[in-house]
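Encoded as structure tokens, the structure appears first; notes follow it.
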Amino acid sequence: MPTRTSPAQPEQEIAAVRAFNRFYTRKLEVLDQHLLKTPFSLSEARVMFELAHRGDLSAKDIGLELGLDAGYLSRIVQKFDEDGLISRKPLASDRRQYQLGLTAKGRAAFARLERTSQDHVGLMLGTLAGEDRKQLLGAMETIERLLRAAHTPLPLAILRDPRPGDMGFVVQSHGARYASEYGFDSSFEALVAEIVAKFISSFDASRERCWIADIDGRPVGSVFLVRSDDEVAKLRLLLVEPSARGQGLGQRLVAECISFARACGYRRITLWTQSILIGARKIYQDAGFTLVKTEPHRSFGQNLIGETWEREL
Numbered sequence: 000m001p002t003r004t005s006p007a008q009p010e011q012e013i014a015a016v017r018a019f020n021r022f023y024t025r026k027l028e029v030l031d032q033h034l035l036k037t038p039f040s041l042s043e044a045r046v047m048f049e050l051a052h053r054g055d056l057s058a059k060d061i062g063l064e065l066g067l068d069a070g071y072l073s074r075i076v077q078k079f080d081e082d083g084l085i086s087r088k089p090l091a092s093d094r095r096q097y098q099l100g101l102t103a104k105g106r107a108a109f110a111r112l113e114r115t116s117q118d119h120v121g122l123m124l125g126t127l128a129g130e131d132r133k134q135l136l137g138a139m140e141t142i143e144r145l146l147r148a149a150h151t152p153l154p155l156a157i158l159r160d161p162r163p164g165d166m167g168f169v170v171q172s173h174g175a176r177y178a179s180e181y182g183f184d185s186s187f188e189a190l191v192a193e194i195v196a197k198f199i200s201s202f203d204a205s206r207e208r209c210w211i212a213d214i215d216g217r218p219v220g221s222v223f224l225v226r227s228d229d230e231v232a233k234l235r236l237l238l239v240e241p242s243a244r245g246q247g248l249g250q251r252l253v254a255e256c257i258s259f260a261r262a263c264g265y266r267r268i269t270l271w272t273q274s275i276l277i278g279a280r281k282i283y284q285d286a287g288f289t290l291v292k293t294e295p296h297r298s299f300g301q302n303l304i305g306e307t308w309e310r311e312l
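Take the sequence shown: its position 262, counting from 1, is numbered 261 in numbering that gives the first Met the number 0, and each next residue is one higher.
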């Protein structure tokens, strides 16, 4: 099971992000002095958007929301006031602060700005074929989700029994994750499907169990404990999706396996993993497992070193 790390960002990665930012801002025409050939700068348009969509706000509220310098924001507000785009009245709770709102002239100006923006984006999307548009919007959603998640604490995952559809998640997530991160071919996904099918067809509720890690109703991880013989259990298919890493979820899944195995009367847990799965190996080691055997092999399209780990109960 791979884990999330935070290495120093290589210069080429930083350069790639900056190059994309320059390209995208040029594409949206926000590098010009005026946004989309309108009378407004990008910052002015952002302030107008907040006033149009959030009702009456103080300048302080807008500054905090948009991260604008107080002096810069003050100049924008003063310009809007002089152009008759906003109304200002002192707040009852603090006479030093003003409640801002768009005037009729301001709402009309914002409506023109919205139409211009809509038309511009529509023309840009219109140059793409349907599948390309779908791919573009999906990439945008991914960028927003990943950058938002970097500043948002992860909701705590729950561990639950599998539901209909979860076994499909286990197969798909293993196949996709190990292909993208380790270059495994489809034979690995076939192996996972075989393990899952056997678990379903010969499931012994008194001696075996699967846990699904769930965040807000979405499966993000899994682990299985299955019977090898009356004294030995196998830990299988431990995985945590990248979006759910960083909260010790892998450790929790392994701890559940150990607790359940002990309650069932097993005397030992064994597992098979690969030497390249550094994160998983550390979880097993921290949970008291010991490496007892290594063996080079050619599997899943890769040259690997298989490892057998065991833990006495």
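Note that beta-carbon positions come from the ideal geometry of N, C-alpha and C, so glycine has one too.
With respect to R208, E230 sits apart: the two C-beta atoms are not nearer than 8 Å. S274 carries a coil assignment under DSSP once its states are collapsed to helix, strand and coil. For A103, the enclosing alpha helix (DSSP H) starts and ends at 103-125. Between A260 and the set G220, G247, E309, Q301, the nearest pair of CA atoms involves E309. The C-alpha of L124 lies about 59 Å from the C-alpha of D228.
For P89, the pairing in a beta bridge is given by DSSP as Y97. Distance from the Cα of G247 is smallest, within the candidate group L90, P154, C263, for P154. Counted as a single uninterrupted DSSP element, the alpha helix (DSSP H) harbouring G249 occupies residues 248-263. Of the other Cβ atoms in all chains shown, 16 or more fall within 10 Å of the Cβ of L224; this residue is therefore buried. Its Cα nearest to that of S258, the residue E311 stands out among L276, E311, G62. Approximately 6 Å separates the beta-carbon atoms of D80 and R87; this is inside 8 Å, confirming the contact.
Shown here for L65: same chain residues with a beta carbon closer than 6 Å to its own, the five before and five after excluded, namely R45 in chain order. Proximity of the stretch 155-167 to the stretch 202-219 meets the contact definition, three or more beta-carbon pairs being nearer than 8 Å. For the 8 Å CB-CB criterion, F39 and L99 do not form a contact.
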